[in-house]
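Trainee:
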DNA sequence: TCAGTCATGTATACAGTGTAGATTCTATAC
DNA sequence: GTATAGAATCTACACTGTATACATGACTGA
């Protein structure tokens, strides 16, 4: 990766962080770099390729978080929390991950860390890839829901639009809990603990190192 | 909702189904309706509002699926499968759900059905909203991953980009399973069964109707 | 039958997007 | 000092959403 390409990438990431992903245009990035829009093309190819590069940059940011822990629990929890923090640093991460899937490179290394963690937990080999997809789908989905506002606006209270006139027995019974202010850190932690239940249920004695 | 608005909405949905969400422009929709782009505005307000209406339309499609079952298992499984099928019918559903979160109306009714199912399963009231978010986040995330191609391109085999030169011990050990062709129907079913483990772990005796 | 009113559709225009194609500049090699 | 290569630029095109101004048609009251 040339210096110029790195510079362009950094400018694009900065704009997305500050003004949102929609503000990332060839013209805005070029202006930030101090150059004409067309000057970007020899370096990054196209806007689509630029977005792919931004995505790969995210995986690169995530990698340093995976070396720390030793137990599979520390590894997987550490990675999940790091992913969520990254999504808060770069609120455009989630949409990009879901919308532009085919990346390679560092993203594969992150996946590999999850594979290793699940194997070490004692999950049978044939189940590991599926569980990795289950977990990563949830973690990315949660992070995206949080930054995009899908949570927090779905309960009747605080919803902008009109409520249907039909009765909502579930909401009615849960009214007192729906009124409570949510702690999203705590909810994420609780969700991860629930996912750990699945891992433990799948784990076989040999290799499982319960504390 | 006036006839004209319904007609516009139907045209937008049809275009999104056939050509993808990016092909939905004021001009393409107007042409389909047989009218000038500006003629849409009195009816739908803006393109953003049109996308919101498309989203609400999805929730409306989902509702008929929720009345069938009687047990909470049938209800929740039925809803999950219906959501996934809807996402295959309208591949643009997932991105829209994640990217444009604040809807009301029919979407709230779908949420309410999940609340009722979890309550009937015996999940303690304070845990129900969180579990609903966990489940819906996964289901929508899975459906989106599938239609957007996030699955199926993440394993080294078949990835377009270059693999990093570092070793991938997890992938190496799982090589034989990663080479297998995946059955995404079966994987979704297995994931739901795993999520059911969480529900059952949370369920308290009174109200739990195990078969 | 005529005039007035109101809703609906149209036409034009503007600022923005990604990017193809042709041109100009700059810096190094001989 | 001239030739060559690489990088940046300029112009232009087809697209996007939508603000503004205008036309058209149907329906009402006299």
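Protein chains in written order, with the numbering used here: chain A, 6 to 216; chain B, 6 to 216.
All C-beta atoms, glycine included, are put in the ideal place defined by N, C-alpha and C.
From residue 131 (chain A) to residue 31 (chain B), what distance separates their C-alpha atoms?
Mentor: Locating residue 131 (chain A) in the first chain gives position 126, where the first residue counts as 1. Locating residue 31 (chain B) in the second chain gives position 26, where the first residue counts as 1. Each residue's alpha carbon lies about 48 Å from the other.
Trainee: Is the beta carbon of residue 41 (chain A) less than 8 Å from the beta carbon of residue 150 (chain B)?
Mentor: Counting from 1 along the first chain, the entry for residue 41 (chain A) is found at position 36. Counting from 1 along the second chain, the entry for residue 150 (chain B) is found at position 145. For residue 41 (chain A) and residue 150 (chain B), no; Cβs fall outside 8 Å.
Trainee: So with Cβ pairs under 8 Å, would you call residue 7 (chain A) a contact of chain B?
Mentor: Translated into positions along the first chain, residue 7 (chain A) becomes position 2. Cβ-Cβ to chain B under 8 Å: no for residue 7 (chain A).
Trainee: Below 8 Å, can you find three or more Cβ-Cβ pairs linking the segment 61-70 of chain B to the segment 190-206 of chain B?
Mentor: Touching, no, given that fewer than three Cβ pairs across the two stretches are closer than 8 Å.
Trainee: So residue 182 (chain B) contacts chain A; which residues on that side make the cut at Cβ distance below 8 Å?
Mentor: One-based indexing of the second chain puts residue 182 (chain B) at position 177. Simply 130, 131, 133 and 134.
Trainee: Indicate, with yes or no, if the ligand NAP has a heavy atom lying under 7 Å from the CB of residue 77 (chain B).
Mentor: For the ligand NAP, the structure offers nothing, since it holds no ligand at all.
Trainee: For residue 209 (chain A), does the count of other Cβ atoms within 10 angstroms reach 16, so buried, or fall short, so exposed?
Mentor: Along the first chain, read from residue 1 onward, the residue named residue 209 (chain A) stands at position 204. Result: exposed.
Trainee: Under three-state DSSP, which class holds residue 166 (chain A)?
Mentor: Reading the first chain from its first residue, position 161 is the one you call residue 166 (chain A). Bear in mind that the predicted position of residue 166 (chain A) carries a pLDDT of just 47, short of 50, making it unreliable; the figure below should be weighed with that in mind. Residue state, collapsed to three classes: coil.
Trainee: Would you say residue 145 (chain B) lies against chain A (beta-carbon separation less than 8 Å)?
Mentor: Here residue 145 (chain B) is taken as the residue at index 140 of the second chain, counted from 1. Chain A contact via Cβ: present.
Trainee: Going by other Cβ atoms of all chains shown within 10 Å of its Cβ, with 16 needed for buried, is residue 43 (chain B) buried or exposed?
Mentor: The residue given as residue 43 (chain B) occupies position 38 in the second chain. Under this definition residue 43 (chain B) is an exposed residue.
Trainee: Please report the distance separating the alpha-carbon of residue 20 (chain B) from that of residue 104 (chain B).
Mentor: The residue given as residue 20 (chain B) occupies position 15 in the second chain. The residue given as residue 104 (chain B) occupies position 99 in the second chain. Approximately 19 Å, taken between the alpha carbons.
Trainee: Could you work out which residues of chain B lie near residue 62 (chain A), taking near to mean beta carbons separated by less than 9 Å?
Mentor: The residue labelled residue 62 (chain A) in the question sits at position 57 within the first chain. Ordered by position in chain B, no residue passes the 9 Å Cβ test against residue 62 (chain A), which lies about 14 Å from the chain.
Trainee: Do we get a CB-CB distance below 8 Å when we pair residue 190 (chain A) with the residues of chain B?
Mentor: Taking the first residue of the first chain as position 1, residue 190 (chain A) is located at position 185. For residue 190 (chain A), the answer is no, since every Cβ of chain B falls outside 8 Å of its Cβ.
Trainee: With 8 Å set as the bound, which would you pick, yes or no: does the beta-carbon of residue 150 (chain A) sit closer than that to a beta-carbon of chain B?
Mentor: Position 145 of the first chain holds residue 150 (chain A). Chain B, which has a Cβ nearer than 8 Å to the Cβ of residue 150 (chain A), makes this yes.
Trainee: Residues in the same chain with beta-carbon distance under 6 Å from residue 96 (chain B), minus the five sequence neighbours each way, listed in chain order, please.
Mentor: As a position in the second chain, residue 96 (chain B) is number 91, starting the count at 1. Once the five neighbours on either side are set aside, the close Cβ partners of residue 96 (chain B) are 152.
Trainee: Would the segment 173-185 of chain B count as touching the segment 178-191 of chain A if we require 3 or more Cβ pairs under 8 Å?
Mentor: No contact exists between the segment 173-185 of chain B and the segment 178-191 of chain A.
Trainee: Out of B:93, B:205, B:78 and B:18, which has the shortest C-alpha to C-alpha gap to residue 154 (chain B)?
Mentor: Counting from 1 along the second chain, the entry for residue 154 (chain B) is found at position 149. Taking only the C-alpha atoms, the option nearest residue 154 (chain B) is B:93.
Trainee: Run through chain A and tell me which residues come within less than 7 Å of residue 121 (chain B), C-beta to C-beta.
Mentor: On the second chain, position 116 is the one that residue 121 (chain B) refers to. The contacting residues are 174 and 175.
Trainee: Helix, strand or coil for residue 143 (chain B), going by three-state DSSP, please let me know.
Mentor: One-based indexing of the second chain puts residue 143 (chain B) at position 138. Correct three-state label for residue 143 (chain B): helix.
Trainee: Within 8 Å of any Cβ in chain B, is that where the Cβ of residue 195 (chain A) sits?
Mentor: Within the first chain, numbered from 1, the residue matching residue 195 (chain A) stands at position 190. Answer yes: the Cβ-Cβ gap between residue 195 (chain A) and chain B drops below 8 Å somewhere.
Trainee: Straight-line CA distance for residue 128 (chain A) to residue 79 (chain B)?
Mentor: Against the first chain, residue 128 (chain A) aligns to sequence position 123. Against the second chain, residue 79 (chain B) aligns to sequence position 74. Straight-line Cα distance between these residues: approximately 28 Å.
Trainee: Return the CA-CA distance between residue 113 (chain A) and residue 38 (chain B), expressed in angstroms with no decimal places.
Mentor: For the purposes of this step, residue 113 (chain A) is taken as the residue at position 108 of the first chain. For the purposes of this step, residue 38 (chain B) is taken as the residue at position 33 of the second chain. Roughly 45 Å between the two C-alpha positions.
Trainee: Expressed to the nearest angstrom, what Euclidean distance is found between the alpha-carbon atoms of residue 135 (chain B) and residue 90 (chain A)?
Mentor: Numbered from its first residue, the second chain carries residue 135 (chain B) at position 130. Numbered from its first residue, the first chain carries residue 90 (chain A) at position 85. The straight-line gap from Cα to Cα measures roughly 20 Å.
Trainee: Restricting to Cα atoms, I'd like to know which of B:207, B:17 and B:198 is closest to residue 83 (chain B).
Mentor: Reading the second chain from its first residue, position 78 is the one you call residue 83 (chain B). Looking at the Cα atoms, B:198 is the closest of the given residues.
Trainee: Go through its chain and collect everything with a Cβ distance to residue 119 (chain B)'s Cβ below 6 Å, but skip five positions before and after it.
Mentor: Here residue 119 (chain B) refers to the residue found at position 114 of the second chain. Within the same chain, residue 119 (chain B) has close Cβ partners 137.
Trainee: For residue 206 (chain A) and residue 145 (chain A), what's the separation of their Cα atoms in angstroms?
Mentor: The residue given as residue 206 (chain A) occupies position 201 in the first chain. The residue given as residue 145 (chain A) occupies position 140 in the first chain. Approximately 23 Å between the Cα atoms of the pair.
Trainee: What runs of the alpha helix (DSSP H), each 4 residues or longer, lie entirely inside the segment 35-102 of chain A?
Mentor: The qualifying runs are 46-49, 52-67 and 77-94.
Trainee: Assign residue 6 (chain A) to one of three DSSP states: helix, strand, or coil.
Mentor: Mapped onto the first chain, residue 6 (chain A) falls at position 1. Reduced to three states, the DSSP call for residue 6 (chain A) is coil.
Trainee: Could you tell me whether the Cβ of residue 67 (chain B) comes closer than 8 Å to any Cβ of chain A?
Mentor: The sequence position of residue 67 (chain B) within the second chain is 62, counting from 1. No, no contact with chain A.
Trainee: For residue 121 (chain B), does the count of other Cβ atoms within 10 angstroms reach 16, so buried, or fall short, so exposed?
Mentor: Walking along the second chain from the start, residue 121 (chain B) turns up at place 116. With 16 or more Cβ atoms within 10 Å of its Cβ, residue 121 (chain B) is classed as buried.
Trainee: Run the CB neighbour count on residue 24 (chain B), radius 10 Å, all protein chains shown included, and call it buried at 16 or more, exposed below.
Mentor: The count along the second chain starts at 1 and reaches residue 24 (chain B) at position 19. Under this definition residue 24 (chain B) is an exposed residue.
Trainee: Have a look at residue 102 (chain A) and residue 75 (chain A) and give me their C-alpha separation to the nearest angstrom.
Mentor: For the purposes of this step, residue 102 (chain A) is taken as the residue at position 97 of the first chain. For the purposes of this step, residue 75 (chain A) is taken as the residue at position 70 of the first chain. Cα to Cα, the separation comes out at about 27 Å.
Trainee: Taking CB distances under 8 Å as the criterion, tell me whether residue 84 (chain B) reaches chain A.
Mentor: Locating residue 84 (chain B) in the second chain gives position 79, counting from the first residue. By this cut-off, residue 84 (chain B) is not an interface position.
Trainee: Taking buried to mean at least 16 other C-beta atoms within 10 Å of its own C-beta, is residue 160 (chain A) buried or exposed?
Mentor: Walking along the first chain from the start, residue 160 (chain A) turns up at place 155. With a pLDDT of only 44 at residue 160 (chain A), under the threshold of 50, the placement of this residue in the model should not be trusted, and no figure is reported.
Trainee: Give the straight-line distance between the Cα atoms of residue 57 (chain B) and residue 178 (chain B), rounded to the nearest whole angstrom.
Mentor: Along the second chain, read from residue 1 onward, the residue named residue 57 (chain B) stands at position 52. Along the second chain, read from residue 1 onward, the residue named residue 178 (chain B) stands at position 173. Rounded to whole angstroms, residue 57 (chain B) to residue 178 (chain B) spans 45 Å at the Cα level.
Trainee: If I'm right that residue 115 (chain A) touches residue 123 (chain A) with Cβ under 8 Å, what's the distance once you round it to whole angstroms?
Mentor: Looking up residue 115 (chain A) in the first chain gives position 110. Looking up residue 123 (chain A) in the first chain gives position 118. Wrong, their Cβ atoms sit about 13 Å apart, outside the cutoff.
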